[in-house]
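*Asks:*
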Amino acid sequence: MISMYSTPADGPGVLAIFDVPEPDAAAAISGVVVASGALHHVKLTRLLTQDEVIHVRKKASQLRGAYKPPGK
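Shown next as structure tokens:
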């Protein structure tokens, strides 16, 4: 199975992608690595699979008609 993930580039540095069984595990792993001093200026970003992106876009499409901007 091929998994595709995407995120916008945010300047120079290293992008490490790792898969964990639970989202809070990623935060715990990141915290341990940063606390060790091995990495600095870490930004943790949850990536979405293409299936998740499709679901988000469908939900946004459903909500778009119900949203009224303030003052309108």
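With our numbering, the residue at position 63 of the sequence shown is 703, and numbering never jumps. Even for Gly, the Cβ is constructed at its ideal location relative to N, Cα and C.
#1: Between the beta-carbon of A668 and the beta-carbon of R686, is there less than 9 Å?
#2: Would you please state the rounded distance, in angstroms, between the beta carbons of S670 and V654? I believe it to be under 8 Å.
#3: Return the Cβ separation of V696 and L703 in integer angstroms, given the expectation that the two are a contact with Cβ distance under 8 Å.
#4: What did DSSP end up calling L688 once you bin it into helix, strand or coil?
#5: Within the same chain, show all residues whose beta-carbon is closer than 6 Å to that of V673, passing over the 5 residues directly before and after it, in chain order.
*Replies:* Looking at the atomic coordinates:
#1: Mapped onto the sequence shown, residue 668 falls at position 28. Mapped onto the sequence shown, residue 686 falls at position 46. Going by C-beta atoms, A668 is not nearer than 9 Å to R686.
#2: Within the sequence shown, numbered from 1, the residue matching residue 670 stands at position 30. Within the sequence shown, numbered from 1, the residue matching residue 654 stands at position 14. At roughly 13 Å, the Cβ-Cβ gap does not stay under 8 Å, so S670 and V654 are not in contact.
#3: On the sequence shown, residue 696 is found 56 positions in, with the first residue counted as 1. On the sequence shown, residue 703 is found 63 positions in, with the first residue counted as 1. Not really, about 11 Å apart at Cβ, beyond 8 Å.
#4: Taking the first residue of the sequence shown as 1, we reach residue 688 at position 48. Strand at L688.
#5: Taking the sequence shown and counting its residues from 1, the one referred to as residue 673 is at position 33. So the list reads L679, once near-sequence residues are dropped.
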